[in-house]
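> Here the sequence shown stands for residues 207 to 740, numbered as in my numbering. Even for Gly, the Cβ is constructed at its ideal location relative to N, Cα and C.
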Amino acid sequence: MWQEFKALADEAETVDIIELFKTKDRAEAFSLRFDGMLFDYSKTRLTETTRAALVDLVAARDVAGRRDAMFRGDPINETEGRAVLHTALRNLSGGAIRVAGEDVMPEINATRACVQGFAEDVRSGRFQGAGGAITDIVNIGIGGSHLGPEMAVMALRPYHDGPRCHFVSNIDGADISDCLKGLDPTRTLVIVASKTFTTVETMTNAATARTWMAAAVKDPGKQFAAVSSAVDKTDEFGIPPEQVFGFGDYVGGRYSVWGPIGLALMIAIGAERFTDFLVGAETMDRHFQTAAPLENMPIMLALVGVWHHQVRGHGTRAVLPYDQRLARLSAYLQQLEMESNGKGVTMQGAPLEGPSGPVVWGEPGTNGQHAFYQLIHQGKAVVPCEFLVAAKGHEPELEHHHQLLVANCLAQSVALMRGRSMQEARALMVEKGFEGAELERQAAHRVFPGNRPSTTLIYDQLTPRRLGQIIALYEHRVFVEGVILGINSFDQWGVELGKQLAVTLEPILKGARDGAQKDASTRQLIAFARGFMT
Ligand code: F6P
């Protein structure tokens with residue numbers, strides 16, 4: 207399919223982004239607004255022609271048909287035979303959604319009411335630990351059962367008026383050990399978040415947390431809650447059934463923050479603000495379902511992504527939020543995008559023609575500016591940058607900080623586009639008194655190629671509603687990219703092999719089994735590690 211785009215990709219080689227701005231209304235024509243957000247993709251090499259070719263893909267790949275099938279509850283996750291209905295978790299105003307003929311909304315609404323009731327009990331102190339009201343929440347989970355609540359709790363810190371929230375994910379004992387140090391077990395609630403309740407990292411950490419709590423609390427199970435679909439296993443763990451909240455297999459882990467997996471967030475900010483978070487996502491759902499492609503933010507964000515990765519061949523995508531509270535957004539999006547679209551075969555099992563989804567990475571600005579932006583500006587690889595920034599912060603007394611933050615964000619997109627020519631660099635060196643060969647040498651180091659693409663998503667303020675919208679925007683972007691690639695964005699077979707091998711290696715590391723069958727490199731590493739193990 208990408209062969210057809212080769213001519214367009216080649217033509218784009220000669221496009222100068224600054225020149226594009228000579229066309230009247232370039233900025234408006236290559237931007238779109240929705241609710242309190244403006245998405246500006248004008249600082250890219252996209253032209254009317256290339257954009258039209260990409261928009262044609264939307265119809266050619268039947269994005270609308272797949273989208274409607276998803277919202278309707280069809281089993282579009284074909285390799286697992288499941289519907290994909292994270293959107294049902296935020297279907298606050300909509301009607302019935304049927305999976306295999308059965309409306310899932312009554313159960314979703316009833317579970318949400320239970321989770322809200324429990325969250326409010328914890329917040330108000332009606333739910334007590336052995337030592338009194340809960341002061342600290344420890345959420346134990348990994349992947350989708352961790353990244354969403356962790357990212358959102360951090361993002362919405364200004365709205366946080368519940369107990370302190372802590373997150374443990376890594377099987378490395380350092381993670382839970384550092385977390386529990388200093389916490390009072392008699393006033394801590396542990397949430398074990400695991401859809402399957404079998405994930406080794408989560409179950410190992412949960413057992414360690416129970417041992418820690420049992421040393422101080424007579425009935426530690428009472429200070430545990432679980433978010434899981436495996437009720438038999440939560441029972442066995444000793445968690446009271448009224449503190450177990452489930453969700454259907456039509457919600458994938460990385461799409462699950464909207465439901466019970468969001469319990470820690472709900473306890474942190476309260477049910478009302480959590481509802482605003484859902485409302486934000488729901489408005490993005492309706493926008494995605496109804497807006498024409500050119501006006502449709504998720505579709506245009508996806509097409510810009512396809513343009514840069516599949517058509518232009520840029521290998522990675524940097525997500526750069528100018529917002530310290532979005533420090534975990536890149537990690538969250540790494541799972542969302544790379545676990546969803548990092549696939550090598552089509553839905554039919556045929557090898558994927560061309561690249562899968564890109565490597566996604568990033569850090570908050572301005573910190574990144576003093577670290578890896580050097581490569582983004584002067585390195586040989588072009589890294590399309592996606593900037594995110596709020597027009598308004600939450601610290602009115604520190605408005606000058608925020609103005610500097612926004613100025614830095616905008617400056618980066620200008621610098622990427624404009625660059626600095628050899629002529630300009632020479633003029634700078636002349637000013638500094640250099641001449642001759644040394645002037646040429648010094649000037650060469652100060653040249654920025656420029657003409658590098660970026661997009662900017664600017665919004666009023668990072669409120670619960672806006673965060674919900676942004677996350678849903680990225681979810682639908684991933685969906686559209688997946689449909690265009692013809693892959694299944696909702697399974698994750700690629701995580702299995704390493705997990706299985708870890709199971710076989712553990713007994714060898716313990717010395718309980720012989721590792722002779724392993725390759726020489728692995729045997730050598732095991733021998734080295736065993737040299738330090740007790
Ligand atoms: O290893 C991948 C994965 O299955 C993710 O997709 C999921 O979010 C994570 O593990 C955690 O799974 P669980 O919620 O079942 O513990």
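Report back the beta-carbon spacing between residue 575 and residue 618 to the nearest angstrom; my notes put them in contact at under 8 Å.
The Cβ separation is near 7 Å, so the contact holds.
> With a CB to CB cut of under 7 Å and the five nearest residues on each side skipped, what residues in its chain are close to residue 446?
Excluding residues within five positions, the ones whose Cβ falls inside 7 Å are 427 and 428.
> Buried or exposed for residue 229, going by 16 or more other Cβ atoms inside 10 Å?
It is exposed - the Cβ of residue 229 has fewer than 16 other Cβ atoms within 10 Å.
> Run through the DSSP bridge pairs and tell me what residue 395 is partnered with.
In DSSP, residue 395 forms a bridge with 343.
> Who pairs with residue 308 in a beta bridge, going by DSSP?
305, per the DSSP bridge assignment.
> Is residue 227 helix, strand or coil when you go by DSSP?
DSSP places residue 227 in coil when its eight states are reduced to three.
> Which residues does DSSP pair with residue 237 in a beta bridge?
Beta-bridge pairing links residue 237 to 246.
> Which residues bound the beta strand (DSSP E) around residue 443?
No beta strand (DSSP E) contains residue 443, which is instead part of the alpha helix (DSSP H) from 437-443.
> Excluding five sequence neighbours on each side, which residues of the same chain lie with their C-beta closer than 6 Å to the C-beta of residue 698?
Only 545 meet the Cβ criterion.
> For residue 674 and residue 713, what's the separation of their Cα atoms in angstroms?
Using only the alpha carbons, I get a separation of about 44 Å.
> Between which two residues does the alpha helix (DSSP H) holding residue 504 run?
Looking at the DSSP string, the run of the alpha helix (DSSP H) that includes residue 504 is 503-512.
> What three-state label does DSSP hand residue 698 in the structure shown?
Correct three-state label for residue 698: coil.
> Go to residue 469, then tell me how far its alpha helix (DSSP H) extends in each direction, as first and last residue.
Counting along the chain, the alpha helix (DSSP H) containing residue 469 begins and ends at 469-475.
> Whole angstroms are fine: how far does the CA of residue 635 sit from the CA of residue 648?
Taking the straight line from one Cα to the other gives about 7 Å.
> Is DSSP giving residue 322 helix, strand or coil here?
Looking at residue 322 - three-state DSSP - the assignment turns out to be helix.
> Just mark residue 442 as buried or exposed, buried being the case when its beta carbon has 16 or more other beta carbons within 10 Å.
Result: exposed.
> Three-state secondary structure (DSSP) at residue 527?
Strand.
> Whose C-beta lies closer than 6 Å to the C-beta of residue 444 among residues of the same chain, with five residues either side of it excluded?
Same-chain partners within the cutoff: 427.
> Identify the continuous beta strand (DSSP E) that holds residue 664 and give its terminal residues.
Looking at the DSSP string, the run of the beta strand (DSSP E) that includes residue 664 is 660-665.
> Mind checking residue 208: buried by the 16 CB within 10 Å criterion, or exposed?
So residue 208 ends up on the exposed side.
> Taking DSSP as the reference, what is the three-state secondary structure of residue 718?
Coil.
> Just to confirm my understanding: we take residue 371, look at its own chain, exclude 5 residues before and 5 after, and list those with CB closer than 6 Å. What are they?
So the list reads 343, 359, 470 and 474, once near-sequence residues are dropped.
> Does any heavy atom of the ligand F6P sit closer than 7 Å to the C-beta of residue 667?
No, since every heavy atom of the ligand F6P falls outside the 7 Å radius drawn around the Cβ of residue 667.
> Inspect the beta-carbon positions of residue 564 and residue 496 and report whether they are closer than 8 Å.
Taking 8 Å as the Cβ cut-off, residue 564 and residue 496 do not qualify as a contacting pair.
> Using three-state DSSP, classify residue 738 as helix, strand or coil.
The answer is coil: DSSP assigns residue 738 none of H, G, I, E or B.
> Do residue 678 and residue 490 count as a contact pair if the criterion is CB distance below 8 Å?
Closer than 8 Å, so yes.
> Based on the DSSP output, what are the partners of residue 730 in its beta bridges?
Beta-bridge pairing links residue 730 to no other residue.
> Start and end of the beta strand (DSSP E) containing residue 592?
Unbroken beta strand (DSSP E) run through residue 592: 591-596.
> Here's a check: name, in chain order, each residue in its chain whose Cβ is nearer than 6 Å to the Cβ of residue 534, leaving out the five neighbours to either side.
Closer than 6 Å at the Cβ level, and outside the excluded window around residue 534, lie 356, 357 and 360.
> Looking at residue 549 and the ligand F6P, is the gap between the Cβ and the nearest heavy atom below 7 Å?
No, the beta carbon of residue 549 sits no closer than 7 Å to any heavy atom of the ligand F6P.
> Leaving aside the five residues before and after residue 339 along the sequence, list all residues of the same chain whose C-beta is less than 6 Å from its C-beta, in chain order.
Correct list, in chain order: 331.
> Let me check you understand the geometry: is the CB of residue 478 closer than 7 Å to at least one non-hydrogen atom of the ligand F6P?
It does not: the Cβ of residue 478 is nowhere closer than 7 Å to a heavy atom of the ligand F6P.
> Could you have a look at residue 366 and say whether DSSP puts it in helix, strand or coil?
Coil, per DSSP.
> So, using beta-carbon positions, are residue 328 and residue 395 closer together than 8 Å?
A contact, by the Cβ cut-off of 8 Å.
> CB of residue 382 to nearest heavy atom of the ligand FMN: below 7 Å?
The model depicted lacks the ligand FMN and carries the ligand F6P instead.
> Tell me which same chain residues have a C-beta within less than 6 Å of the C-beta of residue 488, skipping the five on either side of it?
296 and 298, listed in sequence order.
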